[in-house]
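Working notes for the structure below.
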């Protein structure tokens, strides 16, 4: 069974602090995605990384795909209250002829003003 | 443009009753997914429709759960004889399925919050 473990599960920080969220697996993936979900809404895609070692930046968010394509990290610089939400990683799997995504366990972030 | 819509947004039902949850995907998207999310946790895959292919039902937790997709568009998730452990947010997502690409984006609806009392 392919699993995506995220850590930490919960994180509460003050505005302006930096943080890193991790997504780990024992499986190798062809790509990995990060989504953010706000209360009462569905997840929204932030980024897709496809190459081992790839680094992508989205304003204050930096995403990295591990060299072995088994793990990924999300680093937020100078967090703001608007960054509050549930962060989910997702990776594609191909089993029994079906190509679909599995999602990580999630990291719930709260940024205090 | 219109995104994925789901109805109802909230549903409270008594244990043992049947419920139907509806999903309207983005027009033209061939793939449709149902997920279950408990207590703001990660997403649990339920079922996947892709075009005219047979659906992947491998994530349905029991035979009380079923889903259909009519005309390749609207989908309905039905839960029969609901139990308290069925209480969760049910999310629907749709996507196009670009051949040759390593990944694709799923567009999610806002979800239906189901509470079984």
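Protein chains in written order, with the working numbering: chain X, 1 to 113; chain W, 1001 to 1117. Backbone N, C-alpha and C fix where the C-beta goes; we use that ideal spot for every residue, glycine too.
- Counting the other Cβ atoms within 10 Å of the Cβ of residue 79 of chain X gives 16 or more, which makes it buried.
- According to the DSSP assignment, residue 92 of chain X belongs to the beta strand (DSSP E) that extends over 85-95.
- For the beta strand (DSSP E) assignment, the uninterrupted runs of no fewer than 3 residues enclosed by the segment 1017-1092 of chain W are, from N- to C-terminal side, 1019-1024, 1031-1037, 1043-1050, 1065-1069, 1075-1079.
- With respect to the 9 angstroms criterion, residue 1016 of chain W and residue 1082 of chain W are classified as neighbours on the basis of their beta carbons.
- At least one CB atom of chain X sits nearer than 9 angstroms to the CB of residue 1050 of chain W.
- Put simply, the CB of residue 1024 of chain W is far from chain X, with every gap to its CB atoms at 9 angstroms or more.
- When the five nearest sequence neighbours on each side are left out, the beta carbons in the same chain lying within less than 7 angstroms of the beta carbon of residue 35 of chain X are those of 43, 44, 45, 46, 88, 90, in order along the chain.
- Under a 10 Å Cβ-count criterion, residue 1025 of chain W is classified as buried, with 16 or more other Cβ atoms of the shown protein chains found around its own Cβ.
- Interface with chain X (9 angstroms Cβ-Cβ cutoff): residue 1018 of chain W is excluded.
- Under the 10 Å beta carbon count, residue 3 of chain X is surrounded by fewer than 16 other beta carbons and is classified as exposed.
- Taking the beta carbon of residue 46 of chain X as reference, no residue of chain W falls within 9 angstroms; the closest one sits roughly 10 angstroms away.
- Nearest to residue 48 of chain X by alpha-carbon distance, out of X:108, X:7, X:58, X:106, is X:58.
- Between residue 1088 of chain W and residue 1037 of chain W, the beta carbon gap of about 6 angstroms places them in contact (Cβ cut-off 8 angstroms).
- Within the DSSP bridge table, the entry for residue 24 of chain X names X:5, X:71 as partners.
- Looking at the DSSP output, residue 19 of chain X shares a beta bridge with X:76.
- Of the other Cβ atoms in all chains shown, 16 or more fall within 10 Å of the Cβ of residue 1086 of chain W; this residue is therefore buried.
- Sorting X:65, X:60, X:61 by C-alpha distance to the C-alpha of residue 53 of chain X places X:65 at the top.
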